[in-house]
């Protein structure tokens, strides 16, 4: 017997053990895979033997191979065999292998249940220990269920070694078999007070993990943890507890107050940096949750911490902690701007990225330029595209956040964007491009500058595309070409740009960019023609331009990209035709320009959704009953027609599906709306959707953008954003200086027309920095009757919130007056609310009343109160004052205005005669309250009542309409408009929108319209259009009123 | 030690990515890395320490204290040092199983079990003693052969960069 054992082990010593395997692999670097496959064959042989020692050795080697990435699941059963060996040595090998190789899907796991149970109850504590360790890695729901009781018993084992492992593994059991939590919890709680620190630590670990998922349920344990925190000396346990408290304090503010003291004690007494850090972190959380006036406290701790932690990793953690403070106390972090900027210089990318995150939250109007300048420096220095791309996106994020809130000078921003295009190998070209487009479209004042920059960019396009396929950045050219084309009227030398856009090199650009090039070349062409036609000397230039296009376009016609090809050939034919006309000396500029007329306005993302469904229109009712067919037919059709009918299908083919819940309906409605919006063939017939087009006009006249003349508009060559930083500083200096010369009104007018704010002389506050341009957010198109109070406005984080607000500003003066009553403060008054009349409308109930809505906006940084609105009554129109008030008393505006706030008030006027338009003079008096003084100010304005404002949109049926015309009570009048080059339905929409008419009937290019005045006058229009000429025949029972309304219509069209 | 279910390919990919991330970092930078995509996004971080040619990398989730884990790595390395008597790279390469056994006394199923070094060493020693007693006489020849095998390589290379210490990417946050 003894001999057999010795013989067995002699055999065995020539088998490869783990060390031999490792050595072998290292010696076969070249043919590692081959060597390993022979080893695996050997192992397979070894596993076939009966000797458990040989098997164990084989399994040990397999574990190593598994680690190297080889699949060893085929040996799962052998692993179980080794696990069940009675010897600890082999058992341990087996369990190790199992913990590495078994997954929940390993089927042999179910064979192990009894073996594990046996090991758990083994008298040898290490057998139990090894089983617990292994189980912790491969526990399955079944194992957890079957063994939960055994493990629970082990939690009260006499040996602490077993107890701590049993306690810890309970967490895994809870995860896999949640039902076990309730019965096991009391015992787990008991273990928090176990005499052995290891067991205690394990219990804390488990409870902290549980609490992390659902802190609320563990609040009751707080006193116990509190006791542990003050008694334990184990740093690991302390850290865990302190982290847990950090999660609990937001739920129970009283806890926070109690914690401050022991935490501060720990901070002062501990030498372990890890513990110190966690203490500070929790103190911050506590202070935040208390949100009492202690931010300075936290900041001071934080600063001392991050200073004295200048070495290695603490910087990172300091930044991490700061980002937490930033959320609640941005001010206290902002004061460490320099420290954070320094971190950008750090060698370590992790730290730089953290610092970047912080910067995002720290920018303000005041420091934006400085921070971005610093970032630009880093962009130049940065190595590695990933970090540089990160920087680039951060710069753009920082600048564009909350609707460009912090940008005071858009020329500067454009130059930053242009500078960014010089980055090599960035993949964020499209991001830069979309920013350029966004800014150029929305900030009108910047267009001239942007166009100049873009033209330079196009001219230097070879720099961007030089290293072929420096993919990404050429996206910028897309934006550049579009901007140059769309706003070509701002171009200095359209010819040069046109030439640049038609260079042969362009053909190497990606297709979608070429397409934009071609299209915009045509726009430029139109501009060139317009510029040169009429002057005899220049007609040559115009013809040369046509020739240029004819010469160059064929290149694009040959493009392999369909879009490019199509556009190019289309435009080529057009130009050839134009050339023929030119040779006959026909003036074509007007018509060519007309091709590209009309302005594209940005549309608010939710505009479509906000159009209310007109009453009586049920979008879910079928206009035509769908043909009913047999069930099987439906099935066949469903599969076939899926693409066409999309989701609608099941609903109309099967009546039993008609009860769809509201949500689903809403969803479908959205889908359909989106489809309709995208479908060019969908006729948008309802007046509400037609009106969408109308805003363009109203928008034109809202003088939102004011040009800051203190900045020179042209910067030759490539822009240097640094110049702007300097200019900006100068500008601010000047503003400051201006402030002191309060009485010198002339200078002020020159500098910043009426937009100046005059704070108290003192340190420059955030609000003092006036933007050089304003973002034209209001021009995002919104349907006029959009509902301002949509439920999604409730989301305070909605980035569109400010835009959703737009309708009430945007529709300023609709239907009333061109230009809308926009009452800018008198130039001499810098402290003034901003008045805007948004609507004057007749009162439906009372034929002699008109309601005027006025928006008051406080644009200065002081509080405005006691506003009094007064109008000098005319014989015809009177402001309705409360009973008992004298005829000259003002009306008190029922609200006060904090800085930057606007509100709307309505005033009722009684009108006797509505035949004539009229103007009323008025004054607004108010008190401006600053910190130490208050002044009485006055603002003069004029109210313009047009005749249109006495009209009320009233629908009329065609039969009633024809009866009305036949009655002969109406007197006629007509009007001819020349050179109206907009589509007929736009024209109709415009009349409906601005002049309160409704369309009765429309046949081709002829339409009849109707409206009614508040005093019951009927007004009928017959609108016809032909060749840019619109003739309007009108009839009304009050010729005076009709004449005035027609004049107003004429005015509307002369302004577009 | 893998405590999450993953197949071998993903494991290797994670190890490669981790090694790639960690090895190119400078000496005097912080010891934390925001996780790559594979290790579970921003919730998880890599925390590592660098000893001569060895990197000890732990991947942890946000419930762990970063500095606490750094301390834990220190304890682990000191324990290895005690158990192997002046641990070197090759000890870890040739005795992966032992390293695993030591780690198992510290971290169990992705959760920290014990942070007290003395306690860990007591348990490891006790288990080794048991192993020896079990081997007894039968184990002697094998040990002798093993010694002879090692002698065949007198100039056993002591300082090879093995590239990736794949044994130690214990995945602490195994709770998903």
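Residue numbers (full-length UniProt numbering), protein chains in the order written: chain A, 1 to 1056; chain B, 1 to 176. We put the CB at the ideal spot given by N, CA and C, even for glycine.
In terms of Cα proximity to residue 860 of chain A, the closest of A:901, A:234, A:868, A:854 is A:901. Short of 7 Å from the beta carbon of residue 397 of chain A, and not among the five residues preceding or following it, lie these beta carbons of its own chain, in chain order: 360. Below the 7 Å Cβ cutoff, chain A contributes no neighbours of residue 84 of chain B, its closest Cβ being approximately 14 Å away. DSSP, reduced to helix, strand and coil, places residue 249 of chain A outside both helices and strands of the structure shown, so it counts as coil. In this structure, residue 18 of chain A sits near residue 61 of chain A, with a CB-CB distance shorter than 8 Å. Taking a Cβ-Cβ cut-off of 9 Å, the neighbours of residue 94 of chain B in chain A comprise 18, 19, 22, 23, given in sequence order.
Within the DSSP bridge table, the entry for residue 1002 of chain A names A:1007 as partners. Under DSSP, residue 1033 of chain A takes part in a beta bridge, and its partners are A:974, A:1022. A Cβ-Cβ contact shorter than 8 Å links residue 44 of chain B with residue 61 of chain B. For residue 525 of chain A, there is no enclosing beta strand (DSSP E); the residue is found in the alpha helix (DSSP H) stretching over 511-532. Put simply, the backbone Cα of residue 90 of chain A is about 9 Å away from that of residue 59 of chain A. Under a 10 Å Cβ-count criterion, residue 230 of chain A is classified as exposed, with fewer than 16 other Cβ atoms of the shown protein chains found around its own Cβ. CA-to-CA, the gap between residue 36 of chain A and residue 78 of chain A works out to about 19 Å. When DSSP states are grouped into helix, strand and coil, residue 155 of chain A belongs to the coil group. The C-beta distance from residue 965 of chain A to residue 1020 of chain A rounds to 6 Å, short enough to meet the 8 Å contact threshold. Contact note: residue 274 of chain A reaches chain B through 65, 66, 67, 68, 69, 70, 71, using a C-beta cutoff of 9 Å and chain order. Remark: C-beta atoms of residue 891 of chain A and residue 881 of chain A approach each other more closely than 8 Å. In chain order, 479 place their CB closer than 8 Å to the CB of residue 434 of chain A, counting only its own chain and leaving out the 5 sequence neighbours on each side.
Under a 10 Å Cβ-count criterion, residue 895 of chain A is classified as exposed, with fewer than 16 other Cβ atoms of the shown protein chains found around its own Cβ. Assigned with DSSP and collapsed to three states, residue 912 of chain A falls in coil, not helix or strand.
Nearest to residue 593 of chain A by alpha-carbon distance, out of A:578, A:607, A:583, is A:578.
For the set A:371, A:402, A:431, A:400, the Cα lying nearest the Cα of residue 389 of chain A is the one of A:431. Close to chain B, meaning a Cβ-Cβ distance shorter than 7 Å, are the following residues of the region 46-62 of chain A: 60.
Residue 263 of chain A is a Cβ neighbour of residue 283 of chain A, given a cutoff of 8 Å. Counting the other CB atoms within 10 Å of its CB gives residue 916 of chain A a total below 16, which places it among the exposed residues. Note on geometry: alpha-carbon atoms of residue 118 of chain A and residue 161 of chain A lie some 18 Å from one another.
Counting along the chain, residue 459 of chain A sits inside the alpha helix (DSSP H) bounded by residues 447-459. Residues of the region 121-143 of chain A with a C-beta less than 7 Å from any C-beta of chain B: 126, 133, 136, 137, listed in chain order. For residue 485 of chain A, the enclosing alpha helix (DSSP H) stretches over residues 475-486. Around the C-beta of residue 261 of chain A, fewer than 16 other C-beta atoms lie within 10 Å, and the residue is accordingly described as exposed.
Contact annotation, residue 219 of chain A with residue 251 of chain A: C-beta distance approximately 6 Å; criterion of less than 8 Å satisfied. In terms of beta-carbon proximity, residue 169 of chain A lines the interface with chain B, with at least one pair separated by less than 8 Å. Collapsing the DSSP output to three states places residue 367 of chain A in coil. Residues of chain B with a Cβ closer than 8 Å to the Cβ of residue 88 of chain A are, in chain order, 127, 130, 131, 134. Counting every other CB atom within 10 Å of its CB across the protein chains shown gives residue 899 of chain A a total below 16, marking it as exposed.
The C-beta of residue 115 of chain B comes closer than 8 Å to at least one C-beta of chain A.
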